[in-house]
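Protein chains in written order, with the working numbering: chain A, 1 to 268; chain B, 1001 to 1344; chain C, 2001 to 2363.
The structure is reproduced here in structure tokens:
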């Protein structure tokens, strides 16, 4: 049950579609014959135990892993048919935290998100710079402008990377466990940001989450991935039952629906 | 070249021949090269040298222009008698002074054991392994005499030639070529007669030593170049080995024409009867040698036959080579009966 | 001066410096122009000075005559003309070219390998070139084609062969792309260095030659060598400049770069090839000159930040300046090796910058 839902209207062609996709690393099959269809403007969470294949599904989506069988389609076209820059304009992936070899300012990192749009010769144009500033504002990083990215806390760095993906201005945003290093406040910040993106811009959001509570609270559609299959697909209330959690995660949960949440004061 | 460092590798016969063929083929077609070079005889261990086959011309034809073949096989044309000469080997500096054209030298190579002293004020335009092309060009020389076998960097020689300077390269891997180089240098600077006389004088000194040492036994001689780290001595068929043989000794060599290092074991097995200290100028004394671990089994050490030598005159392929041979012979045979210098 | 006003003065100085740095950062084009102008001035200075004193008017007259055919009424000796035109100018131009090439290659490898300690030689190019040169020097045959001898050709080929071997071998390893490259480069480089040591051991008199090559220098700079090496350097540098975007994309890693639209596998190969080509051409002409490729990009990043769009073009002019200056210094100090001078000049300056680096851009 959510109180911030987006009604998905049937009709438009799926923006992401997996048709009987099998993914393997060498001979080791990770995902077997997965089917998945995401409509534009959806907000979807992928949950599941470690090694279930969630990240692998994302890698297939972003073209890093060619399927051993089946098709992965974005906007109705096979992912393999996109050239990398074109795909980057359709899908923005929030990068993993990485060690920076050189010192860089926060805005330099966020500006990387404009790479798929940049003119190879002339470089960033005013439109690009504006997009960067706007992305930083949206994430609430205005006060960090000009700071060395290496001095930031893990939480702040994660937010910078989210801003990067926002600057990329793609219709699909993909996140792989974006809240791992974040404290509660920042977790909520990121989640609210995703909801905002989805609501205001109609961005399709696909997030792998390890935190079932966040998934349940902020995502109207949850996919449970286990053993290389999509074990369940639907609203959290239907999908995250005690039986399923016991089955998939091997843990006996206590579930409390409808507990009051306090909202974070908007004092950014 | 003196032996302040181990001597350069004697170029293999084949290598020099091939280089000469390639260069001659690459040259813009000339006739048969004029050469009065005496064919060098490597590793001569006899004490008699063949006499000079060139005789002074009774009616001298004009000395210039002349085309000479230098020791690298390059044809070098010298159009007029050089007035400004740059000498890039210490031996050449000495030769030029001995030929009486020392005042024509406008630039020379750096030399720690400079001879003659009159060469002191001449500006240095090259160092050990380096050559200052700009400085040489600035001196506007009409002849540059360089050292072969990498003594003068080949790049430098090429550079000097590429800007139009006349460069003659000399390199004497054996004693016979020293005489050839003296005569070559003489012809290059218009002092052919003086050069022949000089060469003859040195040959006479060589003959005197050969005669004096002919009946004497040949002791095994080890000529030490350096022993601060590994032990360095004469390579097989090297200039130094030849000199020792000509001086009446039996040279102990490193066992290979390319190596200057001799393992201590090999030296002990060879058991030198005389040890000559080419590194005496660096402060090595007979006592220091005798005190070295393992050296006391050698005959030379037991007999106390460890003698210093003036390395420069023994190894420099210049006018003092005869004097060098004398001193070497006396170091090997202290009782050698040699006529006083200047005679014989 | 009281402590308070002294502190204030220092703060004002800091503000001035950081304003200057901000200005430089915002207007990299203006900075480029300024450095290029400095390069031109330095080049002129470098041609005017040398072992032999030639009056500046004479130098100018010679240049004008040879370049534009102008007669200025001045006269000069043939020796002066040879010195200026055949010796100094090719030397200065070669120094500029090599400085630019090494700095750009260094920036490229640093960005490509995401390693601030990378330099143009990190993937075995140095050892390959050195071994090639040593082998060429040991062969008792001299072949010269348009003033390119065996040494230059073998050094060039050796450098490229080394990087090819490293690249091929790195593909076989289980490590990820860049780590694999670095490790393989280190291993192959060590192997080649061992080969070089063996060659040096066997070399005898040629040892001096090999050392001369290893120390690097511009004494042998000639117009024909410049004419052959320059197109290679220009081609390679242009190709790299074109790919500034790619280098930026690699900043957060290969996966992130792929997500940002970079064809990582292809671009990695291309950048490696271009960087190595440029390095090989520089090394073939002037031997191994260190320091420039490693430090110049860092100095530039300290001022304008890590974006390759600024760092690459600035590397060209700053690298050129450094080596022209170093060569001039080397000549005036009695022909000591250029690599020594560039390190002596560059290292203290670099340390100074490190101490003064404001937050915002540190190493």
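Built from N, CA and C at the ideal position, the CB exists for glycine as well.
Checking 7 Å against the spacing of the C-beta atoms, do residue 1235 of chain B and residue 1251 of chain B come in under that value? Against the second chain, residue 1235 of chain B aligns to sequence position 235. Against the second chain, residue 1251 of chain B aligns to sequence position 251. No.
According to DSSP, simplified to helix, strand and coil, what is residue 1260 of chain B? Here residue 1260 of chain B is taken as the residue at index 260 of the second chain, counted from 1. In this structure, residue 1260 of chain B counts as coil in the three-state DSSP scheme.
If you scan the region 2178–2247 of chain C from start to end, which runs of the alpha helix (DSSP H) of 4 or more residues do you find wholly inside it? 2206–2215 and 2223–2242
Under 7 Å, do residue 1192 of chain B and residue 1181 of chain B count as touching if we go by C-beta distance? As a position in the second chain, residue 1192 of chain B is number 192, starting the count at 1. As a position in the second chain, residue 1181 of chain B is number 181, starting the count at 1. Contact: no.
Can you pull the DSSP bridge partners for residue 1275 of chain B? Counting from one through the second chain, the residue named residue 1275 of chain B turns up at place 275. B/1222 and B/1306.
Between the alpha carbons of residue 2015 of chain C and residue 2025 of chain C, how many angstroms are there, rounded? Locating residue 2015 of chain C in the third chain gives position 15, where the first residue counts as 1. Locating residue 2025 of chain C in the third chain gives position 25, where the first residue counts as 1. Approximately 15 Å between the Cα atoms of the pair.
Among A/129, A/17 and A/139, which has the Cα closest to the Cα of residue 39 of chain A? If you number the first chain from 1, residue 39 of chain A lands on position 39. Closest by alpha carbon: A/17.
So, under 8 Å CB-CB, residue 1333 of chain B and residue 1216 of chain B are touching, yes? Tell me the CB distance rounded to an integer number of Å. Counting from one through the second chain, the residue named residue 1333 of chain B turns up at place 333. Counting from one through the second chain, the residue named residue 1216 of chain B turns up at place 216. The Cβ separation is near 6 Å, so the contact holds.
CB-CB length for residue 204 of chain A against residue 42 of chain A, believed under 8 Å: As a position in the first chain, residue 204 of chain A is number 204, starting the count at 1. As a position in the first chain, residue 42 of chain A is number 42, starting the count at 1. Confirmed, about 6 Å.
Going by beta carbon distance, what residues of the same chain come within less than 7 Å of residue 2061 of chain C, once the five residues before and after it are set aside? Here residue 2061 of chain C refers to the residue found at position 61 of the third chain. Contacts found: 2072, 2074 and 2076.
So, does the CB of residue 118 of chain A fall closer than 7 Å to a CB anywhere in chain C? Within the first chain, numbered from 1, the residue matching residue 118 of chain A stands at position 118. Output row for residue 118 of chain A: interface = yes.
Which of the three DSSP states is assigned to residue 1122 of chain B in this structure? Your numbering for residue 1122 of chain B matches position 122 in the second chain. Coil.
Since residue 1169 of chain B and residue 1093 of chain B should fall inside the 8 Å C-beta cutoff, what is the C-beta to C-beta distance between them, to a whole number of angstroms? Counting from one through the second chain, the residue named residue 1169 of chain B turns up at place 169. Counting from one through the second chain, the residue named residue 1093 of chain B turns up at place 93. Residue 1169 of chain B to residue 1093 of chain B, Cβ: 16 Å. No contact.
Is residue 91 of chain A helix, strand or coil by DSSP? Reading the first chain from its first residue, position 91 is the one you call residue 91 of chain A. Reduced to three states, the DSSP call for residue 91 of chain A is strand.
Is there a Cβ from chain B that is less than 7 Å from the Cβ of residue 2197 of chain C? Counted from its first residue, the third chain places residue 2197 of chain C at position 197. When Cβ-Cβ separations below 7 Å define contact, residue 2197 of chain C makes no contact with chain B.
I need the straight-line Cα distance from residue 2054 of chain C to residue 2063 of chain C, nearest angstrom please. Here residue 2054 of chain C corresponds to residue number 54 of the third chain, with the count starting at 1. Here residue 2063 of chain C corresponds to residue number 63 of the third chain, with the count starting at 1. Near 13 Å, if we compare the C-alpha coordinates of residue 2063 of chain C and residue 2054 of chain C.
Beta carbons nearer than 9 Å to chain B: which residues of the region 2039–2056 of chain C have them? 2050, 2051, 2052, 2053 and 2054
In the DSSP assignment, find the alpha helix (DSSP H) that holds residue 108 of chain A and state where it starts and stops. The count along the first chain starts at 1 and reaches residue 108 of chain A at position 108. It spans 106–111 - the alpha helix (DSSP H) in which residue 108 of chain A sits, taken as one unbroken run.
Express the C-alpha separation of residue 2247 of chain C and residue 118 of chain A in angstroms, rounding to a whole number. The residue you call residue 118 of chain A lines up with position 118 of the first chain. The residue you call residue 2247 of chain C lines up with position 247 of the third chain. Between residue 118 of chain A and residue 2247 of chain C, the C-alpha separation is close to 13 Å.
Does the distance from the CB of residue 1331 of chain B to the CB of residue 1276 of chain B come in under 7 Å? The residue given as residue 1331 of chain B occupies position 331 in the second chain. The residue given as residue 1276 of chain B occupies position 276 in the second chain. Yes. Within cutoff.
Measuring alpha carbon to alpha carbon, tell me which residue in C/2309, C/2240 and C/2251 is nearest residue 2279 of chain C. As a first step, residue 2279 of chain C must be located in the third chain, where it is residue number 279. Minimum Cα distance to residue 2279 of chain C is reached at C/2240.
Can you tell which of C/2243, C/2321, C/2251 and C/2131 has its C-alpha closest to the C-alpha of residue 2033 of chain C? The residue given as residue 2033 of chain C occupies position 33 in the third chain. Comparing Cα positions, the closest option is C/2321.
Taking the straight line between their C-alpha atoms, what separation do you get for residue 2198 of chain C and residue 2135 of chain C? In the third chain, counting from the first residue as 1, residue 2198 of chain C sits at position 198. In the third chain, counting from the first residue as 1, residue 2135 of chain C sits at position 135. Cα to Cα, residue 2198 of chain C sits roughly 11 Å from residue 2135 of chain C.
Quick one: list the residues of chain B neighbouring residue 2095 of chain C, beta-carbon separation under 9 Å, in chain order. Taking the first residue of the third chain as position 1, residue 2095 of chain C is located at position 95. Here the premise fails: no neighbours, minimum Cβ distance about 14 Å.
Are the C-beta atoms of residue 2210 of chain C and some chain B residue less than 7 Å apart? Along the third chain, read from residue 1 onward, the residue named residue 2210 of chain C stands at position 210. Answer no: the Cβ-Cβ gap between residue 2210 of chain C and chain B never drops below 7 Å.
Per DSSP, what kind of secondary structure is residue 1316 of chain B in: helix, strand or coil? Position 316 of the second chain, counted from the start, is the residue given in the question as residue 1316 of chain B. Coil, per DSSP.
C-alpha gap between residue 1083 of chain B and residue 1271 of chain B, whole angstroms: As a first step, residue 1083 of chain B must be located in the second chain, where it is residue number 83. As a first step, residue 1271 of chain B must be located in the second chain, where it is residue number 271. Between residue 1083 of chain B and residue 1271 of chain B, the C-alpha separation is close to 52 Å.
Would residue 216 of chain A and residue 168 of chain A qualify as a contact pair, given that the criterion is a beta-carbon distance under 7 Å? Taking the first chain and counting its residues from 1, one reaches residue 216 of chain A at position 216. Taking the first chain and counting its residues from 1, one reaches residue 168 of chain A at position 168. Their beta carbons are not under 7 Å apart, which means residue 216 of chain A does not touch residue 168 of chain A by this criterion.
Establish whether the CB of residue 1130 of chain B and some CB of chain C are separated by less than 7 Å. The residue given as residue 1130 of chain B occupies position 130 in the second chain. At least one chain C Cβ lies under 7 Å of residue 1130 of chain B.
My understanding is that residue 1141 of chain B touches residue 1085 of chain B, with C-beta atoms under 8 Å, so please give their C-beta distance in whole angstroms. Residue mapping note: residue 1141 of chain B aligns to position 141 of the second chain, counting from 1. Residue mapping note: residue 1085 of chain B aligns to position 85 of the second chain, counting from 1. With a Cβ gap of about 6 Å, residue 1141 of chain B and residue 1085 of chain B count as contacting.
When you compare the region 1223–1232 of chain B with the region 1115–1125 of chain B, are there three or more beta-carbon pairs, one atom per stretch, that lie closer than 8 Å? Verdict: no, contact absent.
Quick check on residue 2184 of chain C - is its C-beta less than 7 Å from some C-beta in chain B? Translated into the one-based positions of the third chain, residue 2184 of chain C becomes position 184. By this cut-off, residue 2184 of chain C is not an interface position.
Helix, strand or coil: which one does DSSP assign to residue 137 of chain A? Taking the first chain and counting its residues from 1, the one referred to as residue 137 of chain A is at position 137. In this structure, residue 137 of chain A counts as helix in the three-state DSSP scheme.
Whole-angstrom Cβ separation of residue 2222 of chain C and residue 2090 of chain C, contact assumed at under 8 Å? Position 222 of the third chain holds residue 2222 of chain C. Position 90 of the third chain holds residue 2090 of chain C. For residue 2222 of chain C against residue 2090 of chain C, the beta-carbon gap comes to about 5 Å, under 8 Å, which counts as contact.
CA-to-CA distance, residue 155 of chain A to residue 226 of chain A, given in whole angstroms: Against the first chain, residue 226 of chain A aligns to sequence position 226. Against the first chain, residue 155 of chain A aligns to sequence position 155. Using only the alpha carbons, I get a separation of about 29 Å.
Kindly give me the distance between the Cβ atoms of residue 2318 of chain C and residue 2035 of chain C, rounded to whole angstroms, as I take these residues to be in contact under 8 Å. To locate residue 2318 of chain C, count along the third chain from 1; it is residue 318. To locate residue 2035 of chain C, count along the third chain from 1; it is residue 35. Indeed, because the Cβ distance is near 6 Å, the residues count as touching under 8 Å.
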